[in-house]
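Chemist:
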Amino acid sequence: MIPYKDDNPTHIFPYVTIGIITLNILIFLFQVASPSDMEKLAYAYGAIPNYILTFEAVQPIHPALTIFSAMFMHGGVFHLAGNMLYLWIFGNNIEDKLGHLRFIIFYIFCGIASAYAHAITEPHSFIPMIGASGAVSGVLGAYLLLFPRAGIYTLIFLGFFVQVVKIPAFIVIGFWAVIQFVNGLISTGLVKEGGVAWFAHIGGFLIGLLTIRLWLPRRTK
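Positions in the sequence shown are counted from 1; adding 2 to them yields my numbering.
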């Protein structure tokens, strides 16, 4: 099941959403073109749980800054494409609701919260976390609360056949959320050798879901 657009119109041009997507793509191209391999860059500028909790300065930049650099790095084309697709579908509507400035602060806030959600569950890990997934998860949480019945055009794969179906947002995002929670629970207690930071997704999603109303501009009479 792959969503690719919604039927939820916006009233402002999503400069910030497009800017974030562009920046992520440019940084990924830099990663690919860099003389250093992707793994070395991840260890240099990714958010490493032990370091962002202890602030031990081992990387080229301060551990607190790696939370921001990690948000714009990705491990591969599909990692980047999946995050940017979800950001494009759901981010423009949240930007429309919050306004440009509030949206970018909200996005970064969710990214920070997601990094620490992962770090708290893996406090002794030295495996770097990279990707926009945590911040994008916050956007999904916000969208679920604000637009639960918006129609999401989704590709459904039935063997060799592909069907386009319009599904309510609460089902599409709810299904995504269930996968994150189930995989997060499964990963608990297992040997950690890298992979998906499920609790970063969960943390970002919950912080977006629970705080989005606090970010909404006050209505003037």
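The C-beta atom is built at its ideal place from N, Cα and C for all residues, glycine as well. Keep in mind that this is a model prediction, so the values were computed, not measured.
Secondary structure at I158, three-state DSSP: helix, strand or coil?
Modeler: I158 falls in the strand class under three-state DSSP.
Chemist: For G48, I'd like the list of residues in its chain whose CB is within less than 8 angstroms of its CB, leaving aside the five on either flank, ordered along the chain.
Modeler: T68, S71, A72, M75, P130, M131 and I132, listed in sequence order.
Chemist: Quick one: is T56 buried, meaning 16 or more other Cβ sit within 10 Å of its Cβ, or exposed?
Modeler: So T56 counts as exposed.
Chemist: Which runs of the alpha helix (DSSP H) fall wholly inside the segment 56-102 and span at least 4 residues, in chain order?
Modeler: Entirely contained in the segment 56-102, the alpha helix (DSSP H) runs reaching 4 residues are, in chain order, 65-72 and 79-100.
Chemist: Does DSSP classify A49 as helix, strand or coil?
Modeler: Here A49 sits in strand by DSSP.
Chemist: Can you name, in chain order, every residue of its own chain whose Cβ lies under 6 angstroms from the Cβ of D9, other than the five neighbours on each side?
Modeler: Cβ neighbours of D9 beyond the five flanking positions: G153.
Chemist: Using a Cβ-Cβ cut-off of 8 angstroms (strictly less than) and excluding sequence neighbours within five positions of T19, which residues of its own chain qualify?
Modeler: Once the five neighbours on either side are set aside, the close Cβ partners of T19 are L89, W90, G93, N94, E97 and F105.
Chemist: Please list, in chain order, all residues of the same chain as C112 whose beta carbon is under 6 angstroms from its beta carbon, the five residues on each side excluded.
Modeler: Counting only Cβ-Cβ distances below 6 angstroms, and skipping sequence neighbours, we find A137, G140, G206, I209 and G210.
Chemist: Please name the residue, chosen from I214, A202 and V166, that lies closest to Y118 on a Cα-to-Cα basis.
Modeler: The residue with the shortest Cα to Cα distance from Y118 is A202.
Chemist: At what residues does the alpha helix (DSSP H) containing I169 begin and finish?
Modeler: Segment F163 to P170 is the beta strand (DSSP E) holding I169; no alpha helix (DSSP H) there.
Chemist: Does the beta-carbon of K168 have 16 or more other beta-carbons within 10 angstroms, so that it is buried, or is it exposed?
Modeler: Exposed, because fewer than 16 other Cβ atoms sit within 10 Å of the Cβ of K168.
Chemist: In the DSSP assignment, find the beta strand (DSSP E) that holds I4 and state where it starts and stops.
Modeler: I4 to D8 is the extent of the beta strand (DSSP E) around I4.
Chemist: Span of the alpha helix (DSSP H) holding T213?
Modeler: Taken as a continuous stretch (DSSP letters only), the alpha helix (DSSP H) holding T213 covers W200 to W217.
Chemist: If you compare alpha carbons, which of I122, G101, G78 and M3 is closest to T12?
Modeler: T12 has its Cα closest to that of G101, out of I122, G101, G78 and M3.
Chemist: Use the C-beta contact count for T156: other C-beta atoms within 10 angstroms, 16 or more gives buried, fewer gives exposed.
Modeler: With 16 or more other Cβ atoms within 10 Å, it is buried.
Chemist: Using a Cβ-Cβ cut-off of 7 angstroms (strictly less than) and excluding sequence neighbours within five positions of K99, which residues of its own chain qualify?
Modeler: These residues qualify, in order along the chain: L148 and L218.
Chemist: Just to confirm, are P5 and V174 a CB contact at a threshold of 8 angstroms?
Modeler: Going by C-beta atoms, P5 is nearer than 8 angstroms to V174.
Chemist: What is the DSSP secondary structure of F15, reduced to helix, strand or coil?
Modeler: Reduced to three states, the DSSP call for F15 is coil.
Chemist: Please name the residue in T123, V79, D39 and Y109 whose C-alpha comes closest to that of G21.
Modeler: If we check each option's Cα against that of G21, Y109 comes out closest.
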